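Letter 85 of the sequence shown, counting from 1, is numbered 380 in this note's numbering, and no numbers are missing.
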Amino acid sequence: MEEKMVYYSAEEIADGSYKIYNNGVERPFAYCYLIVGKDYALLIDSIIGLGNVKKFCETLTDKKIILVNTHAHSDHIGGNFFFDCCYMHPRDMALAAQSYGYKKEQLYEMALQSAPAEYRDRIVLDDNFADWDPIKTLPVYGGDAFDLGDRIIEVVEAGGHTAGSIVLIDHKTRIAYSGDACNGSTLVEFDHSLPIIDYMESLLRLKKHQGEFDMMYGGHEIFDNTIIDEAIETVARVLAGTDDHVEADGMLGGKVCWAAKKKEVGYGREDGKRFNMSYNPGQVSVPKDWRQVIRLNDNTEKENQA
Ligand SMILES: [Fe+2]
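Given below as structure tokens:
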């Protein structure tokens with residue numbers, strides 16, 4: 296009999312806290328995290344939608360699962376469509392809406408293309424794939440908290456990478472679930488990223504909470520809490536115009552800058568520090584008190600059609 300595809304693995308990183316990642320892909324798209332409380336379980340992000348992540352989480356807990364997204368990039372919300380409802384910061388809701396309309400057949404194709412040869416035969420177009428139709432999306436703000444019964448998960452606003460990025464702090468295990476807010480290659484280069492001056496405010500806000508957690512479990516990377524200090528120091532140099540200002544191609548096209556020089560070979564900064572970021576030199580500061588500037592572009596047209 297043909298072997299059945301198991302799309303996910305889980306690793307218990309702390310008491311009742313699981314890191315979940317995709318099997319059967321050349322490299323993980325992202326991590327998501329399940330925190331199991333006395334009353335309910337909280338799923339933080341849902342990866343890209345290759346495999347039914349809700350069903351997988353139900354093998355880890357029999358508690359009701361509530362879903363929250365650290366931000367609305369597709370590699371963090373793709374599994375949302377197995378759920379009826381999610382929580383998200385309102386400033387990322389328009390970004391999430393841009394992903395609607397993606398079809399399960401496209402995800403199936405993506406699964407085939409990203410799988411090493413030995414997995415391909417096991418991938419079939421079944422209920423492990425879902426159309427990206429809108430789901431009920433509820434707002435969550437900084438200062439809100441998820442009370443799981445025996446543990447409180449606090450929300451801190453950490454806009455930068457996206458305007459509505461949040462970090463969730465589990466006070467019981469002293470872990471901050473940080474999405475893509477602050478890591479070794481923090482992308483703050485998008486049109487939907489915040490100006491760098493606002494990202495600095497987010498980092499200073501996180502700094503106030505630094506004593507409440509030891510580790511930062513992100514969507515792609517894991518660091519201890521001292522990376523926040525490196526981030527503040529690096530962003531201060533960007534704001535002062537004294538960073539390394541290394542020009543590069545942006546992920547979605549155009550020219551961007553990296554704040555710190557990278558090693559010629561391998562991963563990381565030339566000076567040995569861990570935090571790095573890309574940014575659009577035109578979006579460092581803002582000319583007035585504007586924060587969200589809505590322009591007519593491909594995305595607004597798409598949103599208007601939705
Ligand atoms: Fe992201």
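Beta carbons: idealized from backbone N, C-alpha and C, even for Gly.
Keep in mind that this is a model prediction, so the values were computed, not measured.
Self-check item: With 16 other Cβ atoms within 10 Å as the buried cut-off, status of Gln578
Solution: Within 10 angstroms of the beta-carbon of Gln578 lie 16 or more other beta-carbons, which makes it buried.
Quiz item: When you compare each of Glu452, Thr354, Ile342 to Val331 by their alpha carbons, which one comes out closest?
Solution: Cα-wise, what sits closest to Val331 is Thr354.
Self-check item: Proximity test, Met482 beta-carbon vs ligand 1 heavy atom, cut-off 8 Å
Solution: In the sequence as presented, Met is not what sits at residue 482; that position holds Leu. Checking the 8 Å criterion, the Cβ of Leu482 is within range of a heavy atom belonging to ligand 1.
Quiz item: Okay, do the region 485-505 and the region 329-345 touch, 3+ Cβ pairs below 8 Å being the bar?
Solution: When Cβ pairs closer than 8 Å are counted between the two stretches, the region 485-505 is seen not to touch the region 329-345, the count staying below three.
Quiz prompt | Ala425 classed as buried or exposed, judged by whether at least 16 other C-beta atoms fall within 10 angstroms | solution = With a threshold of 16 other beta carbon atoms within 10 Å, Ala425 meets it and is buried.
Quiz item: Would the C-beta of Thr457 count as close to ligand 1, meaning under 8 Å from any of its heavy atoms?
Solution: Yes, the beta carbon of Thr457 sits closer than 8 Å to at least one heavy atom of ligand 1.
Self-check item: Cutoff 7 Å; reference Tyr313; Cβ partners in own chain excluding five residues on either side
Solution: Residues Ala305, Glu306, Glu307, Tyr328, Leu329, Leu355 of the same chain have their beta carbon placed closer than 7 Å to that of Tyr313, with the five preceding and five following residues left out of the count.
Quiz item: Is it the case that the Cβ atoms of Ile461 and Gly479 are separated by a distance below 9 Å?
Solution: Not closer than 9 Å, so no.
Quiz item: Considering only residues of the same chain and omitting the five flanking positions on each side of Val435, which have a CB-CB separation below 8 Å?
Solution: So the list reads Val363, Tyr382, Met383, His384, Val450, Ile461, once near-sequence residues are dropped.
Quiz item: Alpha carbon to alpha carbon, how far is Lys467 from Tyr403?
Solution: Lys467 and Tyr403: Cα-Cα distance of roughly 38 Å.
Self-check item: Neighbouring residues (CB closer than 5 Å to any heavy atom of ligand 1)
Solution: Listed along the chain, these residues meet the criterion: His368, Asp475.
Quiz item: How would you write the range of the alpha helix (DSSP H) that Asp370 sits in, first residue to last?
Solution: Judged by DSSP secondary structure, Asp370 falls within the alpha helix (DSSP H) whose first and last residues are 369-372.
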